[in-house]
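Its first residue numbered 12, the sequence shown is counted upward by one per residue in this note's numbering.
We put the beta carbon where it would ideally sit given N, CA and C, even for glycine.
Note that the structure is a prediction, hence the values are computed from the model and not measured.
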Amino acid sequence: MKESGGDLFNHQFHPHHLHHQQLQQHNVSVGGGEVLAGMDAAAAGDRNFEFAFNQPNFSDRILRIEIVTSGLPENKSDGEGCSSIAEVTVKSIADLNGYSYGYGYMTTYVDMYLEIDASNVAGEFAVYNAEQDVNCVQPDSEDLVYENHDGEAVAMLEESPSEETALMELLRYMYSGKLSISTAPALLDVLMAADKFEVISCMSYCSKMLRKMDMTVESALLYLDLPSSVSFGSAVQSLTDAAKEFLASRYKDITKFQDELLNLPLPGIEALLASDTLQVASEDAIYDFVLKWARLHYPKLEERREVLGTRLARLIRFPYMTSRKLRKVLSCNDFDHELASKLVLDALFFKSEIPHRQRSLVAEDSATSRRFVERAFKYRPVKVVEFSIPHPQCIVYLDLKREECANLFPAGRVYSQAFHLGGQGFFLSAHCNVDQQSNFHCFGLFLGMQEKGSVSFPVEYEFAARTNTNSNTTKDFVSKYKGSYTFTGGKAVGYRNLFAIPWTSFMAEDSLYFIDGTLHLRAELTIRQTPQPLPVPPL
12 MKESGGDLFN HQFHPHHLHH QQLQQHNVSV GGGEVLAGMD AAAAGDRNFE FAFNQPNFSD
72 RILRIEIVTS GLPENKSDGE GCSSIAEVTV KSIADLNGYS YGYGYMTTYV DMYLEIDASN
132 VAGEFAVYNA EQDVNCVQPD SEDLVYENHD GEAVAMLEES PSEETALMEL LRYMYSGKLS
192 ISTAPALLDV LMAADKFEVI SCMSYCSKML RKMDMTVESA LLYLDLPSSV SFGSAVQSLT
252 DAAKEFLASR YKDITKFQDE LLNLPLPGIE ALLASDTLQV ASEDAIYDFV LKWARLHYPK
312 LEERREVLGT RLARLIRFPY MTSRKLRKVL SCNDFDHELA SKLVLDALFF KSEIPHRQRS
372 LVAEDSATSR RFVERAFKYR PVKVVEFSIP HPQCIVYLDL KREECANLFP AGRVYSQAFH
432 LGGQGFFLSA HCNVDQQSNF HCFGLFLGMQ EKGSVSFPVE YEFAARTNTN SNTTKDFVSK
492 YKGSYTFTGG KAVGYRNLFA IPWTSFMAED SLYFIDGTLH LRAELTIRQT PQPLPVPPL
């Protein structure tokens, strides 16, 4: 046995290591550090020594691959009748392509012997890298040992039967730069073997081949379920990224596929929640879905708290949830109380920040988290400040980017997320209208009540916008329209031309209403009278 600190394969492979006579017999030309053996240009790459694979004339080592299967028959005690590795003799060079079998009740050994050129393998196998200590880099302390047989150097790999085919493909790849398999499961097996022995070029090759195949939900989930040592590697990162993008694109509308999504495993849910492009009404819907999925897959409270706290809570964007839903988070038993309190406080602090500071927080946190990044919500998030005295009142802030406003032309509209006053849900909607008197397009803002209830709501409202004028150096909100309306549900009220200017003036580069590319709107709602029940129609 060689000393563990040494390395049998301590030189780099080069075509000149092969005898010129041997190369000529195989129609191989040597020059400029390249070997060409009848390969096409794509297969040639840096080298192709497929002709030398498992050939004694081109090898200087014996690679012993021991396929190990375990199993204990009935009525046999542990260790009874076992065959030891020492009992399996090393085959002669003439019998290298055969198999030898050693049988035991605990373990069955199938030995395969291959002739290799150590320097070729050294260029790929991390465990053979002379620049590193063998004991430090080998994947398993029993995976690789060195033996000396009749003065010949012997390397041994111990593998399970399921890894045999993948390992043989990996060895062939290291000689030829090609694989003979083309199915996704087989490529994944080779990818895992390449990761085990840190053959980075083969990992990249497998990843590239897999990316060329049509992605399915099943294959995407397989790629996302790779061990972290594989999935986080740079050679495979593009494959896992493609899997995440596929799932996010397929299930962009969560409400449309909710039944199907509830059956996804944890890696698939994580990939979905990490997407910025999900089309949902609000983050409240994401939160409700995550709780529903967690309760289905983790019925035990302790396990559910663990997976929510360590895996899923970081993917919910609490700063974009409504205040009403955040209050429910504090009382939700599915989350650890301390964690829930921290999540809600962080969300409220973010909501209270001015837009410039919010953008800074997004930039600072984006390297490690997406919690402050806004998704592609169907309804625009709002910030709400509520008061209960002297009257029920709420102040609602709605920000629209210039490009969002531009997309409203000529007859579009955008809705805000719901907010509540007096137990009823309200919303704001911004429109591109045609002014009925002047017949030009203009910007309008409306207030609507969601539900058709049994109570009439007399509401006083006021619309305001921040303006950028010489007289308003602090860019405060300036009132644009106020009124009162008794809501009975399903109704909306507002002003068709909020700024009393044409659309072209509103969207102009020198518009007074866009500050740093954002339109800042405010709606103030007050209930001064007690809501009255609606009269019951006669039967």
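Pick out whichever of the options has its Cα sitting closest to the Cα of residue i.
i, options, result
"P276", "D446, T266, A305 and P469", "A305"
"C405", "Y506, K255 and L536", "L536"
"I526", "T251, F346 and T484", "T484"
"L408", "Y506, E364 and V504", "The sequence as given places Tyr at residue 408; Leu does not occur at that position. Residue E364 is the option with its Cα nearest to Y408."
"I265", "A282, G279, F257 and L289", "L289"
"R238", "L258, V228, C213 and A204", "One detail in the question is off: residue 238 reads as Pro in this sequence, not Arg. Answer by Cα proximity: A204."
"Q540", "G320, E462 and F498", "F498"
"L302", "E313, L323 and P421", "L323"
"G2", "Q461, R507 and V489", "Because the chain spans 12 through 550 in this model, residue 2 falls outside it and cannot be assessed."
"A197", "M179, L337 and Y186", "M179"
"K219", "V247, I538 and Y234", "V247"
"Q448", "F474, P366 and R507", "R507"
"S215", "L250, N479 and V318", "L250"
"F257", "N274, V228, V396 and S245", "V228"
"T194", "D270, K223, H402 and K362", "K223"
"F388", "K189, F208 and K263", "K263"
From residue i to residue j, what distance separates their C-alpha atoms?
i, j, result
"T454", "S260", "One detail in the question is off: residue 454 reads as Phe in this sequence, not Thr. The straight-line gap from Cα to Cα measures roughly 33 Å."
"E528", "L221", "Sequence check: residue 528 is Gly here, not Glu. Approximately 43 Å, taken between the alpha carbons."
"L354", "L372", "15 Å"
"I192", "S212", "16 Å"
"L532", "L509", "11 Å"
"K491", "L411", "17 Å"
"E313", "L307", "14 Å"
"L272", "G436", "28 Å"
"E45", "V384", "Confidence is the limiting factor: at E45 the pLDDT is only 33, short of 50, which leaves the residue's position unreliable and the question unanswerable from this model."
"K255", "A282", "5 Å"
"N481", "D487", "12 Å"
"E520", "Q269", "43 Å"
"F468", "G494", "14 Å"
"S187", "Y234", "26 Å"
"R370", "R183", "52 Å"
"K311", "C343", "15 Å"
"M185", "S245", "20 Å"
"H442", "F474", "14 Å"
"L530", "L419", "13 Å"
"V396", "K362", "10 Å"
"T478", "R368", "20 Å"
"L232", "F208", "24 Å"
"L190", "F300", "43 Å"
With the cut-off set at 8 Å, would you say residue i and residue j are in Cβ contact?
i, j, result
"Y496", "V470", "yes"
"Y426", "A476", "no"
"R386", "D287", "yes"
"G320", "L284", "no"
"P278", "D225", "no"
"L181", "V241", "no"
"T176", "D200", "yes"
"R424", "S399", "no"
"R316", "D357", "no"
"G505", "F438", "no"
"Y309", "I327", "no"
"A503", "G459", "yes"
"N352", "L359", "According to the sequence as given, residue 352 is Ser; it is not Asn. Contact flag unset, no."
"I538", "H402", "yes"
"Y551", "A374", "Outside the shown range of the chain (12 to 550) lies residue 551, about which nothing can therefore be said."
Residue i: beta carbon under 7 Å from a heavy atom of the ligand SAH?
i, result
"T478", "As far as ligands go, the structure on display features none, and thus does not contain the ligand SAH."
**Asked** Are there three or more Cβ pairs, one per stretch, closer than 8 Å when the segment 385 to 399 is compared with the segment 290 to 305?
**Response** By the Cβ rule, the segment 385 to 399 counts as touching the segment 290 to 305, because three or more pairs are nearer than 8 Å.
**Prompt:** Hey, is the segment 411 to 422 in contact with the segment 368 to 387, meaning 3+ C-beta pairs nearer than 8 Å?
**Reply:** no
**Asked** Just checking, does the segment 438 to 455 make contact with the segment 512 to 527 on the three C-beta pairs under 8 Å criterion?
**Response** yes
**Asked** Taking contact to mean at least 3 C-beta pairs separated by less than 8 Å, is the segment 427 to 440 in contact with the segment 324 to 337?
**Response** yes
**Request:** Go through the segment 273 to 341 residue by residue and report every complete run of the alpha helix (DSSP H) that reaches 4 residues or more, in order.
**Result:** 277 to 284, 294 to 308, 312 to 318 and 334 to 341
**Asked** Which parts of the segment 464 to 524 are runs of the beta strand (DSSP E), unbroken and 3 residues or longer, counting only runs that do not cross its ends?
**Response** The qualifying runs are 466 to 477, 488 to 498 and 503 to 506.
**Message:** For a minimum of 3 consecutive residues, which ranges assigned as the beta strand (DSSP E) are wholly contained in the segment 418 to 456?
**Reply:** Correct list: 424 to 426, 430 to 432 and 435 to 445.
**Request:** Note down, one range per segment and in chain order, each beta strand (DSSP E) of at least 3 residues found wholly within the segment 332 to 408.
**Result:** Within the segment 332 to 408, complete beta strand (DSSP E) segments of at least 3 residues are found at 394 to 398, given in chain order.
**Asked** Counting only runs that start and end within the segment 173 to 247, where is the beta strand (DSSP E) found for 3 or more residues in a row?
**Response** none
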